[in-house]
Amino acid sequence: MVNIQDETILREFNLYPLWVRREALNQIDTCTSPFQANAQTEVISIPSLDASKAKSPEIVQKREAEPASSNRIIPDADWPELKKKVTDCTACKLRATCTQTVFGVGDEKAEWLFVGEGPGADEDEQGEPFVGQAGKLLDNMLAAIKLKRGNKVYIANVVKCRPPNNRTPEADEITQCLPYLQRQIALIKPKLIVALGKTAATALLGRDATLGSLRGTKHDYQGVPLIITYHPAYLLRSPAEKAKAWQDLCFALTAFTAR
Ligand code: URA
1448 MVNIQDETIL REFNLYPLWV RREALNQIDT CTSPFQANAQ TEVISIPSLD
1498 ASKAKSPEIV QKREAEPASS NRIIPDADWP ELKKKVTDCT ACKLRATCTQ
1548 TVFGVGDEKA EWLFVGEGPG ADEDEQGEPF VGQAGKLLDN MLAAIKLKRG
1598 NKVYIANVVK CRPPNNRTPE ADEITQCLPY LQRQIALIKP KLIVALGKTA
1648 ATALLGRDAT LGSLRGTKHD YQGVPLIITY HPAYLLRSPA EKAKAWQDLC
1698 FALTAFTAR
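Using the working numbering, the first residue of the sequence shown is number 1448, and each one after it goes up by one.
If you want it as structure tokens, here you go:
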């Protein structure tokens, strides 16, 4: 029997009612097998959230290169100092067109860090990451793995100012802003980082690659496991890909429990 909470989560990921829960196979490793969002009769199992049932992801890929911006790292800033530096920052052209900086939100001792690209219109207005439609989806993605914004979870972006018309941040903007995220990571010391989309993935990895090629691998960000999945805004535009995001979240959960 699918309970109400699972049903909501399955619906969010386009896995219900097209997919049938296989009660007998409550094994997390079934998450790692490829599955298609559009299959009508495919049977999948829902991963157990029990750490004892998780298996280790086998592949660990170290970062190839330091990002260009690591020279500009902010080595000692504590939270208040870092927040002030971000608020006062005019290092790139984005500050001139945004309403306010969007620092990040959540538990400053979080175990999980989710990294997006940059603020959109809602975030620019409210000063908090992922509060628009993509944010609602992100909250549901968190709920799918029994996480909640602010509770052992921190949410941040690569750039802290909204790019005009929600365009992708440019290389120089990322270079200027990345040290803030790097310092946030150093202060939080998360146990796992999830990069949401290509901008976050390539900024944290320090190399360019397609998102598809980066999924399904446990990468490494300075000793912290880094899992890469689709950006929620992309999933809103391409709902058929939500099943892959679900697969990635299962993989992240496995990496988290196996670390
Ligand atoms: N998209 C992002 O990448 N970050 C946000 O905060 C909102 C939308």
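For every residue, glycine included, the Cβ atom is placed at its ideal position computed from N, Cα and C.
- As far as DSSP is concerned, F1698 takes part in no beta bridge.
- Beta bridge pairing from DSSP links L1658 with no other residue.
- In the pairwise beta carbon analysis, the stretch 1585-1605 is classified as touching the stretch 1639-1654: at least three pairs are separated by under 8 Å.
- In terms of CA proximity to P1611, A1543 leads the group P1527, D1695, A1543, T1701.
- Looking at the DSSP output, Y1601 sits in a beta bridge with G1553, L1560.
- At least one heavy atom of the ligand URA is found less than 7 Å from the C-beta of F1577.
- In the three-state reduction of the DSSP assignment, K1595 falls in the strand class.
- Between L1639 and R1706, the gap from beta carbon to beta carbon is short of 8 Å.
- Not a single heavy atom of the ligand URA lies less than 7 Å from the C-beta of A1538.
- In this structure, the straight-line span from the alpha carbon of E1572 to that of T1546 is close to 7 Å.
- Note on the stretch 1569-1643: whole alpha helix (DSSP H) runs with a minimum of 4 residues are 1580-1591, 1618-1635, in chain order.
- In the displayed model, P1672 falls within a strand according to three-state DSSP.
- 8 Å or more divides the Cβ of W1559 from the Cβ of K1595.
- Setting aside the 5 residues that flank it on each side, A1557 is surrounded in the same chain by K1599, V1600, Y1601, I1635, P1637, each with a C-beta closer than 7 Å to its C-beta; the list follows chain order.
- For I1621, the CB contacts under 7 Å within the same chain, skipping 5 residues up- and downstream, are V1605, V1606, A1650 in chain order.
- Counting other Cβ atoms within 10 Å of its Cβ, P1522 stays below 16 and is therefore classed as exposed.
- The nearest non-hydrogen atom of the ligand URA is 7 Å or more from the C-beta of N1612.
- Three or more Cβ pairs closer than 8 Å define a contact, and the stretch 1570-1584 meets that threshold against the stretch 1666-1683.
- Where P1679 is concerned, the enclosing alpha helix (DSSP H) starts and stops at 1679-1684.
- Annotated three-state conformation of F1460 is coil, per DSSP.
- The residue from A1690, E1688, V1641, Y1677 with its alpha-carbon nearest to that of H1666 is V1641.
- Taking 8 Å as the upper bound for CB-CB distance, L1696 and M1588 are in contact here, some 6 Å apart.
- Apart from sequence neighbours up to five positions away, the residues of its chain that approach E1570 with a beta-carbon distance below 6 Å are V1549, P1576, V1578, ordered along the chain.
- E1620 has its CB no nearer than 7 Å to any heavy atom of the ligand URA.
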